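Engineer: Pasting a structure below so you can have a look.
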Amino acid sequence: MSRTGCDIDVLIVGAGISGIGMAAHLERTGSGRSYVLLERRAGLGGTWDLFRYPGIRSDSDMHTLSYAFEPWTGRETLASGERIRDYLTGVAAKYGIDRHIRYGQKVVSAQFSTASGCWTVTIEDEQGWREMTANWLYLAAGYYDYDHPYDPRFPGEGEFSGRVVHPQHWPEDLDYTGKRVAVIGSGATAITVVPTMADRAAKVTMVQRTPTYIRSIPGHDRIGHFLRRFLPVKTAFRITRWLHVVGADKMYRTAREKPDDVRASLEEQTRGLLGANYRAEDFTPPYAPWDQRMCFVPDADLFEAINAGKVDIATGHIERFSPEGIVLTDGRTIEADIIVKATGLQMQMGGGVALTVDGTRIVPGEHFYYKNCMISGVPNLAHPVPYTNTGSTLRFDLVSEYVCRVLAHMARTGTTIAVPTIPEGETLNPVDSFAVEAGYVKRSPDALPQSTDHDPWRLNHDYLHDRKYMRRAPIDDGLLRFGRAGANARAADEQLEAAE
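Note that the numbering used here numbers the sequence shown so that position 60 is 384, with each residue one more than the last.
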């Protein structure tokens, strides 16, 4: 039994980067709060355990994808999924988090009661169904549907004589050695899988509707490696991490303020790497840099594969599948033995857990974010969502710190409920919650809570701003309302207000 009368103080849904990070902050702050991580899969890692396609790697640098409190000591700038899982496994073991993880546990629904101050969580496992109560719910199961990727159906798909696969559910038995492969898509997954498959395939063709901005970066972090030769590991890591933070921020701001300059710089790099193999129509997106997330490739691996004749790019619209491959609207046929549909994700909040508060179903799109993680009108819940323009763990660290501060405030004041409350009569005007115009966002605009253009009611995408705001803004700001559960809650609240 927890100190709040629930079975557990904090129930963390998901044992990926954000879930393990939250658990580590609970351990490191000595909060004394009981916690458990419920993970639906058989192993930890979240995204990095789910995706097993060839070449799976981070799409942001590892110094901002790793935790601020646990230095990344690898030399890779973009690490493989296996290396990221190893890193997370080490963190879980170091802080004793692994003892709190329960695998094969799918959280189906959660109902909050203001009378008890507890979430009643329904869990499905191989034994059937059971319930657990928790004072706080930390939804660290991501922002996309683990079971159902975005999988558009093309005319004639059933006629294709080869095999069609999706990166989100990569088959272990797929042998593409010596095969002709067509990869549909031009996002981070396609950019990763294409050069990797080209090592063994006879030919790989990336079929894209529109190009993506691609930037080649060094595969190894020379600065971090140099600093570790002379400085303590933690000091070298802090410096290197900060350099990556500032560099990413500068690149993003420059792209928004001077898009033509950034576009010209990227074109110059791509032309220089491809030479005679450069075709403007394949590398010139019809939008400004960072309108959609930019893709990064280590040591120009994609461009080298193109120069080696292992990879082709076909820009155009798909008309249909045929027995031989893919037919484009301009009449071209991309012959293939295997088609990989790197067509993206479907957004879903926190693993699709169905939420209710005092019997009222919570529809995410009808609520607003509060301080990047909590949700208006929903008590004792946090849902961290990655940044779209820098390393996701930068946000996860800030959110974990913030929730620990809220929990500490509740412990000091003897309160058991914290709910972001929009002042009566105030109207919030929603804006786009994300800093990029990604397809998965456009397809599911109501899958996540809404955002405004001002604090605290927004999901912001400016780490340097959030770093100050999330750490310095008062916990008890009059908008995060605190109270006590139980029959004597009102009297206790009046005593608390008098004491304050």
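Heads up, the beta-carbon is just placed ideally off N, CA and C, and yes, glycines get one too. Please read all numbers here as calculations on a predicted model, not as lab measurements.
#1: Nearest CA to the CA of F829: which residue from D585, I541, D654, C330?
#2: Three Cβ pairs or more, each shorter than 8 Å: is that satisfied between the segment 641–656 and the segment 472–487?
#3: Mind reading off the beta-carbon distance from I380 to S404? Whole number of angstroms is fine, and I expect it under 8 Å.
#4: Measure from the alpha carbon of H544 to the alpha carbon of each residue in L705, L783, M386, then state which is nearest.
#5: So, at 7 Å on beta carbons, what are the nonlocal neighbours of S768 in its own chain, with the 5 sequence-adjacent residues on each side left out?
#6: Can you give the Cα-Cα distance for D475 and A348, rounded to whole angstroms?
#7: If you check the beta carbons only, do T536 and Q616 fall under 9 Å apart?
#8: Taking the C-alpha atoms as reference points, what is the distance between S370 and S390?
#9: For G749, count neighbouring Cβ atoms within 10 angstroms of its own Cβ and tell me buried if that reaches 16, exposed if not.
#10: Need the endpoints of the beta strand (DSSP E) that G655 sits in, please.
#11: Quick one: grab the DSSP three-state call for G689.
#12: Do the segment 501–521 and the segment 585–605 make contact, defined as three or more Cβ pairs closer than 8 Å?
#13: Could you pull out every unbroken alpha helix (DSSP H) segment of at least 4 residues lying fully inside the segment 500–562, listed in chain order?
#14: Enumerate in chain order the residues of its own chain whose CB-to-CB distance from R376 is below 8 Å, with the five nearest sequence positions on each side excluded.
#15: In or out: D654 buried (at least 16 other Cβ within 10 Å) or exposed?
#16: Going by CA-CA distance only, name the one from R729, A417, V415, A525 that's closest to G356.
#17: If we count the other Cβ atoms within 10 Å of its Cβ and call it buried at 16 or more, is R795 buried or exposed?
#18: When we look at the beta-carbon of F550 and count the other beta-carbons within 10 Å, is it buried (16 or more) or exposed?
#19: Any idea what DSSP makes of N713, helix, strand or coil?
#20: Any idea what DSSP makes of W566, helix, strand or coil?
#21: If we call anything under 9 Å between Cβ atoms a contact, is V681 one with F436?
#22: Which two residues bound the contiguous beta strand (DSSP E) that contains E363?
#23: Alpha carbon to alpha carbon, what distance is there between I741 and L804?
#24: With distances taken Cα to Cα, identify the nearest neighbour of D721 among A464, K503, E455.
#25: Using only CA atoms, which one of L626, H691, G807 lies nearest to P519?
#26: If you reduce the DSSP assignment to three classes, tell me which class Q616 lands in.
#27: Mind checking whether L461 and A706 have CB atoms under 9 Å apart?
#28: List in chain order: all unbroken beta strand (DSSP E) runs of 3+ residues lying wholly within the segment 448–498.
#29: Leaving out five residues before and five after Y500 in sequence, what residues of the same chain have Cβ atoms less than 7 Å from its Cβ?
#30: Among the residues of its own chain, which have a CB less than 6 Å from the CB of V743, if the five just before and after it don't count?
#31: Taking Cβ to Cβ, would you say L362 is nearer than 9 Å to V334?
#32: From which residue to which residue does the beta strand (DSSP E) around P332 run?
#33: Does the distance from the C-beta atom of G715 to that of A572 stay below 9 Å?
#34: Thinking C-beta only, is L412 closer than 9 Å to L374?
#35: Round the Cβ separation of T534 and P609 to the nearest angstrom and send it over; I've been treating them as touching at under 8 Å.
#36: Just curious, the alpha helix (DSSP H) that Y611 is in, first and last residue?
Structural biologist: Concretely, from the data shown:
#1: Past the boundaries of the shown model lies residue 829; the chain is included only from 325 to 824, so the question cannot be answered.
#2: Counting Cβ pairs under 8 Å, three or more are found: they touch.
#3: Your numbering for residue 380 matches position 56 in the sequence shown. Your numbering for residue 404 matches position 80 in the sequence shown. With a Cβ gap of about 7 Å, I380 and S404 count as contacting.
#4: Counting from one through the sequence shown, the residue named residue 544 turns up at place 220. Between H544 and the set L705, L783, M386, the nearest pair of CA atoms involves M386.
#5: Residue numbering aside, residue 768 sits at position 444 when the sequence shown is read from its first letter. Excluding positions up to five away in sequence, the list reads Q670, M671.
#6: Numbered from 1 along the sequence shown, position 151 holds the residue referred to as residue 475. Numbered from 1 along the sequence shown, position 24 holds the residue referred to as residue 348. Approximately 36 Å, taken between the alpha carbons.
#7: Here residue 536 refers to the residue found at position 212 when the sequence shown is read from its first residue. Here residue 616 refers to the residue found at position 292 when the sequence shown is read from its first residue. Yes, the Cβ-Cβ distance between T536 and Q616 is below 9 Å.
#8: For the purposes of this step, residue 370 is taken as the residue at position 46 of the sequence shown. For the purposes of this step, residue 390 is taken as the residue at position 66 of the sequence shown. Note that residue 370 is Gly in the sequence shown here, rather than Ser. Distance from the CA of G370 to the CA of S390, rounded to the nearest whole angstrom, comes to 14 Å.
#9: Along the sequence shown, read from residue 1 onward, the residue named residue 749 stands at position 425. Burial call: exposed.
#10: The count along the sequence shown starts at 1 and reaches residue 655 at position 331. That residue, G655, is in no beta strand (DSSP E); it is neither H nor E in DSSP.
#11: Residue 689 sits at position 365 when you count from the first residue of the sequence shown. Looking at G689 - three-state DSSP - the assignment turns out to be helix.
#12: No, because fewer than three Cβ pairs between the segment 501–521 and the segment 585–605 fall closer than 8 Å, the two stretches do not touch.
#13: Within the segment 500–562, the complete alpha helix (DSSP H) runs of at least 4 residues are 512–522, 546–552.
#14: Here residue 376 corresponds to residue number 52 of the sequence shown, with the count starting at 1. Excluding positions up to five away in sequence, the list reads G405, W494, E496.
#15: One-based indexing of the sequence shown puts residue 654 at position 330. By the 10 Å Cβ count, D654 comes out exposed.
#16: The residue given as residue 356 occupies position 32 in the sequence shown. Selected option, being the one with the closest Cα: R729.
#17: By 1-based counting over the sequence shown, the position of residue 795 is 471. By the C-beta density criterion, R795 is exposed, having fewer than 16 other C-beta atoms within 10 angstroms.
#18: Taking the sequence shown and counting its residues from 1, one reaches residue 550 at position 226. Residue environment analysis places F550 among the exposed positions, since fewer than 16 neighbouring C-beta atoms fall within 10 angstroms of its C-beta.
#19: Here the question's residue 713 lines up with position 389 in the sequence shown. Collapsing the DSSP output to three states places N713 in coil.
#20: Against the sequence shown, residue 566 aligns to sequence position 242. Under the three-state reduction of DSSP, W566 is assigned to helix.
#21: Here residue 681 refers to the residue found at position 357 when the sequence shown is read from its first residue. Here residue 436 refers to the residue found at position 112 when the sequence shown is read from its first residue. Yes, Cβ-Cβ distance for V681 and F436 is below 9 Å.
#22: Taking the first residue of the sequence shown as 1, we reach residue 363 at position 39. 359–363 is the span of the beta strand (DSSP E), which, as asked, contains E363.
#23: Along the sequence shown, read from residue 1 onward, the residue named residue 804 stands at position 480. Along the sequence shown, read from residue 1 onward, the residue named residue 741 stands at position 417. In this structure, the straight-line span from the alpha carbon of L804 to that of I741 is close to 10 Å.
#24: Locating residue 721 in the sequence shown gives position 397, where the first residue counts as 1. For D721, the closest of A464, K503, E455 by C-alpha to C-alpha distance is A464.
#25: For the purposes of this step, residue 519 is taken as the residue at position 195 of the sequence shown. The shortest Cα separation from P519 among L626, H691, G807 belongs to L626.
#26: Counting from 1 along the sequence shown, the entry for residue 616 is found at position 292. In the three-state reduction of the DSSP assignment, Q616 falls in the coil class, being assigned neither a helical nor a strand state.
#27: Your numbering for residue 461 matches position 137 in the sequence shown. Your numbering for residue 706 matches position 382 in the sequence shown. Contact: yes.
#28: Fully enclosed beta strand (DSSP E) runs of 3 or longer: 452–463, 487–489.
#29: For this step, residue 500 is matched to residue 176 along the sequence shown. These residues qualify, in order along the chain: M521, R524, A525, I662.
#30: The residue labelled residue 743 in the question sits at position 419 within the sequence shown. Closer than 6 Å at Cβ, skipping near neighbours: P703, R805.
#31: Locating residue 362 in the sequence shown gives position 38, where the first residue counts as 1. Locating residue 334 in the sequence shown gives position 10, where the first residue counts as 1. V334 is positioned such that its CB atom lies no closer than 9 Å to that of L362.
#32: Reading the sequence shown from its first residue, position 8 is the one you call residue 332. The question names Pro, yet the displayed sequence has Ile at residue 332. It spans 332–337 - the beta strand (DSSP E) in which I332 sits, taken as one unbroken run.
#33: Looking up residue 715 in the sequence shown gives position 391. Looking up residue 572 in the sequence shown gives position 248. A572 sits close to G715, with the two beta carbons spaced by under 9 Å.
#34: In the sequence shown, the residue the question calls residue 374 occupies position 50. In the sequence shown, the residue the question calls residue 412 occupies position 88. Result no, Cβ atoms of L374 and L412 do not sit closer than 9 Å.
#35: Here residue 534 corresponds to residue number 210 of the sequence shown, with the count starting at 1. Here residue 609 corresponds to residue number 285 of the sequence shown, with the count starting at 1. That belief holds up - the Cβ atoms of T534 and P609 are roughly 6 Å apart, short of 8 Å.
#36: As a working mapping, residue 611 is identified with position 287 in the sequence shown. Premise fails: Y611 is in no alpha helix (DSSP H) and is neither H nor E.
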